[in-house]
C-alpha cells in the first residue's frame, strides 16, 4: 500500500487520544484507528455536503479497509487525521487517510478504504455523479 503525502485539498482535523481508546497494551487499540478513519471520512463528506444540502437519498458504505499500523498512539497524544479521495470509478471511490502525531509529525497509520455509493431507497450501487466526483477533488 502506497502512503502518499496528503494533497493540499485533503480534509484534516486534529483531536486528542482519549483514555477510552487505549487497550491493555497501553496504546491506542487498532479498532480506534479504524474508527478514526471512518469518522474523518464522514466529517469530510458532511463538510462538502452538510446534512441540509439538497441531495438525492444516497449513502456511502465501506467495501474494504486496508490499514497499515506504523507507530503507536497514546492517551493524550494530539493527532492529525487527513483524508482525500484518490479515485472514483463507477459507484466506488478510493479514499486515502493518514494519521500523524502533531508533536513530532510521525506517521502512525495509513489507510486505504474502498467506499461504494448506494441509492438509499433501493440499496443498490449508484454511479458517483460527475459533480460529486469533482467536489471530492477528482477532475
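In my numbering, the protein residues as written are 188 to 326. Each residue gets a CB set at the ideal place from its N, CA and C atoms; glycine is no exception.
Which one or two residues does DSSP pair with residue 209 in a beta bridge?
DSSP output for residue 209 lists 215 as bridge partner(s).
Name the residue from 310, 215, 208, 232 whose alpha carbon lies nearest to the alpha carbon of residue 197.
The shortest Cα separation from residue 197 among 310, 215, 208, 232 belongs to 232.
Would you call the stretch 202 to 209 in contact with the stretch 256 to 271, where contact means no fewer than 3 C-beta pairs closer than 8 angstroms?
Judged by Cβ distances under 8 angstroms, the stretch 202 to 209 makes contact with the stretch 256 to 271, as three or more pairs qualify.
Please check the pair residue 278 and residue 303, which I expect to be a contact at CB under 8 angstroms, by giving their CB distance rounded to whole angstroms.
Indeed they touch by this definition, with Cβ atoms about 5 angstroms apart.
Going by C-alpha to C-alpha distance, which of 295, 221, 213, 324 sits closest to residue 249?
Closest by alpha carbon: 221.
Please report the distance separating the alpha-carbon of residue 215 from that of residue 311.
About 36 angstroms.
Between the C-alpha atoms of residue 194 and residue 271, what's the straight-line distance to the nearest angstrom?
Approximately 8 angstroms between the Cα atoms of the pair.
Taking the straight line between their C-alpha atoms, what separation do you get for residue 325 and residue 318?
Answer to the nearest angstrom: the Cα atoms are 9 angstroms apart.
Whose C-alpha, out of 239, 224, 244, is nearest the C-alpha of residue 256?
Cα-wise, what sits closest to residue 256 is 224.
Is the separation between the beta-carbon of residue 267 and that of residue 192 shorter than 9 angstroms?
Not in contact: residue 267 and residue 192 (Cβ atoms no closer than 9 angstroms).
In this structure, does DSSP put residue 248 in helix, strand or coil?
In this structure, residue 248 counts as strand in the three-state DSSP scheme.
Mapping DSSP to helix, strand and coil, what is residue 221?
Of the three classes helix, strand and coil, the one that applies to residue 221 here is helix, per DSSP.
Could you spell out the range, first to last residue, of the alpha helix (DSSP H) harbouring residue 320?
Taken as a continuous stretch (DSSP letters only), the alpha helix (DSSP H) holding residue 320 covers 317 to 322.
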